[in-house]
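K.L.:
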Amino acid sequence: MLIDSHGRKVSYLRLSITDRCNLRCLYCRPQSEWVFLPHEQILTFEEMFELVDVAKIAGVEKVRLTGGEPFARKGFIPFLARLHAKYPSLDLRITTNGTMLAGRVQELREAGVACLNISLDTLQRAKFEEITGVDAYGLVRAGIDACLAAGMRVKINVVALKGINDDELPEFVDFARDLGVDVRFIEFMPIGYQSRWSRDNYWPAKDIVAAVEELVPLDEVREASRNSGPAKMYRIAGGSGRIGVISAVSNHFCESCNRFRVTSDGKLRTCLFSDKEYDVRSILRDPQHSTQELLELFARANQEKPMGYRLLQDRQTNQVCDRAMTAIGG
Ligand code: SAM
855 MLIDSHGRKV
865 SYLRLSITDR
875 CNLRCLYCRP
885 QSEWVFLPHE
895 QILTFEEMFE
905 LVDVAKIAGV
915 EKVRLTGGEP
925 FARKGFIPFL
935 ARLHAKYPSL
945 DLRITTNGTM
955 LAGRVQELRE
965 AGVACLNISL
975 DTLQRAKFEE
985 ITGVDAYGLV
995 RAGIDACLAA
1005 GMRVKINVVA
1015 LKGINDDELP
1025 EFVDFARDLG
1035 VDVRFIEFMP
1045 IGYQSRWSRD
1055 NYWPAKDIVA
1065 AVEELVPLDE
1075 VREASRNSGP
1085 AKMYRIAGGS
1095 GRIGVISAVS
1105 NHFCESCNRF
1115 RVTSDGKLRT
1125 CLFSDKEYDV
1135 RSILRDPQHS
1145 TQELLELFAR
1155 ANQEKPMGYR
1165 LLQDRQTNQV
1175 CDRAMTAIGG
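Under the numbering used here, the final residue of the sequence shown carries the number 1184; numbering is consecutive throughout.
Here is the structure:
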């Protein structure tokens, strides 16, 4: 079991399937020139499978597949189906930009997927293109509709961007209420080289909740499960949808952090705000390697897991680590 000196237990793995993405979101991957990792540096699905096997042995109960855009990698849905078939009780989740979902929902259902997190930062087509660089709002909406029609649970992730999408709060509240989905506002985090984060575009969670409360009465929900995550959720009066906030900057949840992240090139990161990485790939690619070696690497990494908020407090620039979100997986 991976328990560190602060008593934190790792039970959740976020695995980045690819660093490639079809969108260029201004908060995630701001550079105009972007060099993708060469394919041979990316873990194969076989290697990812082994990684999940070992993570399970180490006590991981929940795995989130993210990216880049996970659906941009060929073979992703068969990989999901294989994982689900081997570990039916594993809490298997996906975070996607939703642009490649329509037409694949049946296949996803058959692969065992019942719930998706879909990123959508605006409900306006032109603004969507301004934020992401691509005119794909209609594709995302079609993907959401297809998931809901197939009975899947959908959570919407909105990066809270002051001066960009704060004017759309009433529309997002209606969206959550009318569609019966969770809409979660994630505080903009100063992650990655040349991050566009600034005090001017940072919209803190407490201000978001206060602004929603001016629109509708909210009722805070207490999540019971250990793996329910850091979102603070509120039921909206008069509908089945919920609004939530993830206060990664203003109110850190380092004491209860239960996560490990593995990048698509096989680097283990114990903290979103730290660039310290552990090389899982070179162990996986050593023909003589053993499960024990991977478990020992996990244990060592976990012992060195920092309290990330301290790194955030100490940062001197508008970024807290070098790798972009698209490489880390959010
Ligand atoms: N392509 C997928 C997607 O768009 O959801 C998965 C990868 S994306 C990096 C994962 C999540 O990280 C998304 O919900 C995205 O909005 C969020 N994200 C990316 N950069 C962020 C930042 N600087 N601050 C807060 N959230 C961010």
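Note that beta-carbon positions come from the ideal geometry of N, C-alpha and C, so glycine has one too.
Because the structure is a prediction, the values reported are computed rather than measured.
Taking a contact to mean a Cβ-Cβ separation below 9 Å, would you say Ile-1097 touches Phe-1039 in this structure?
P.N.:
In this structure, Phe-1039 lies closer than 9 Å to Ile-1097 by Cβ.
K.L.:
Taking contact to mean 3 or more Cβ pairs, one atom from each stretch, closer than 8 Å, check whether the segment 1079 to 1093 and the segment 1135 to 1142 are in contact.
P.N.:
no
K.L.:
Considering only DSSP beta bridges, list what Ser-973 is partnered with.
P.N.:
Asn-1011
K.L.:
Would you mind sorting Val-1035 into buried or exposed? The rule is 16 or more other CB atoms within 10 Å of its CB.
P.N.:
buried
K.L.:
Do Cys-1111 and the ligand SAM come close, with the Cβ less than 8 Å from some heavy atom?
P.N.:
no
K.L.:
Drop a sphere of 10 angstroms on the beta-carbon of Lys-940, count the other beta-carbons inside from all chains shown, and report buried for 16 or more, exposed for fewer.
P.N.:
exposed
K.L.:
Please state if the CB of Gly-997 and the CB of Arg-878 are separated by a distance shorter than 9 Å.
P.N.:
no
K.L.:
Counting only runs that start and end within the segment 1102 to 1154, where is the alpha helix (DSSP H) found for 4 or more residues in a row?
P.N.:
With a minimum length of 4 residues, the continuous alpha helix (DSSP H) runs that stay inside the segment 1102 to 1154 are 1134 to 1138.
K.L.:
Report yes if the CB atom of Thr-1117 is closer than 9 Å to the CB atom of Ile-1018, and no otherwise.
P.N.:
no
K.L.:
Would the beta-carbon of Phe-1152 fall within 9 Å of that of Leu-856?
P.N.:
Yes.
K.L.:
Are Asp-907 and Asp-1119 touching if we call contact CB-CB under 9 Å?
P.N.:
no
K.L.:
Please go through the segment 872 to 936 and give each complete alpha helix (DSSP H) segment of 4 or more residues, from N-terminal end onward.
P.N.:
If only uninterrupted alpha helix (DSSP H) runs of at least 4 residues are considered, those enclosed by the segment 872 to 936 are 899 to 911.
K.L.:
If you measure between the beta carbons of Leu-934 and Gly-952, is that distance less than 9 Å?
P.N.:
no
K.L.:
What number of angstroms, rounded off, separates the C-alpha of Val-1008 from the C-alpha of Glu-923?
P.N.:
17 Å
K.L.:
May I ask you to check if the CB of Arg-1051 is nearer than 8 Å to at least one heavy atom of the ligand SAM?
P.N.:
Residue 1051 is actually Trp in this sequence, not Arg. Checking every heavy atom of the ligand SAM against the Cβ of Trp-1051, one is found closer than 8 Å.
K.L.:
Going by the DSSP bridge assignment, what does Tyr-1056 pair with across the sheet?
P.N.:
As DSSP reads the structure, Tyr-1056 sits in a beta bridge with Leu-1015.
K.L.:
Nearest CA to the CA of Asn-1055: which residue from Ser-865, Leu-1033 and Ala-1014?
P.N.:
Ala-1014
K.L.:
On a CA-only basis, which of Met-902, Val-889, Asp-1032 and Arg-963 is nearest Ala-1004? Give me that one, please.
P.N.:
Arg-963
K.L.:
What first and last residue would you give for the alpha helix (DSSP H) that runs through Arg-1169?
P.N.:
According to the DSSP assignment, Arg-1169 belongs to no alpha helix (DSSP H), since it is labelled neither H nor E.
K.L.:
Where does Thr-950 fall in DSSP's three states?
P.N.:
strand
K.L.:
Pull up the CB-CB distance for Arg-883 and Ala-1178, whole angstroms please, since I reckon it's below 8 Å.
P.N.:
5 Å
K.L.:
Taking the alpha carbon of Leu-955 as the reference point, which residue from Val-1075, Tyr-1047 and Ile-931 has its own alpha carbon closest?
P.N.:
Ile-931
K.L.:
In terms of DSSP beta bridges, what is Tyr-866 paired with?
P.N.:
Lys-916 and Arg-1113
K.L.:
Where do the N-terminal and C-terminal ends of the beta strand (DSSP E) with Gln-1039 fall, by residue?
P.N.:
The sequence shown places Phe at residue 1039, not Gln. 1036 to 1041 is the span of the beta strand (DSSP E), which, as asked, contains Phe-1039.
K.L.:
When you measure from the CB of Ala-939 to every non-hydrogen atom of the ligand SAM, does any distance come out below 8 Å?
P.N.:
no
K.L.:
Considering only the alpha carbon of each residue, which of Gln-1146, Gln-1170, Leu-919 and Thr-1124 lies closest to Gly-1162?
P.N.:
Nearest C-alpha to Gly-1162: Thr-1124.
K.L.:
Out of curiosity, what's the CA-to-CA distance linking Ser-859 and Gln-1157?
P.N.:
7 Å
K.L.:
Taking 9 Å as the threshold (C-beta atoms), are Leu-946 and Lys-916 in contact?
P.N.:
Yes.
K.L.:
Our contact map puts Ala-1085 next to Leu-1122 with C-beta atoms below 8 Å; I'd like the distance itself, whole angstroms only.
P.N.:
At roughly 24 Å, the Cβ-Cβ gap does not stay under 8 Å, so Ala-1085 and Leu-1122 are not in contact.
K.L.:
Run through the DSSP bridge pairs and tell me what Ile-1097 is partnered with.
P.N.:
Looking at the DSSP output, Ile-1097 sits in a beta bridge with Val-1037 and Tyr-1088.
K.L.:
Report the partner residues of Val-1075 according to the DSSP bridge assignment.
P.N.:
Met-1087
K.L.:
Can you find a heavy atom of the ligand SAM that lies under 8 Å from the Cβ of Ile-1062?
P.N.:
For Ile-1062, the Cβ stays outside the 8 Å cut-off from all heavy atoms of the ligand SAM.
K.L.:
In three-state terms, what does DSSP make of Asp-1020?
P.N.:
helix
K.L.:
Taking the straight line between their C-alpha atoms, what separation do you get for Gln-978 and Leu-919?
P.N.:
The alpha-carbon atoms of Gln-978 and Leu-919 are separated by roughly 27 Å.
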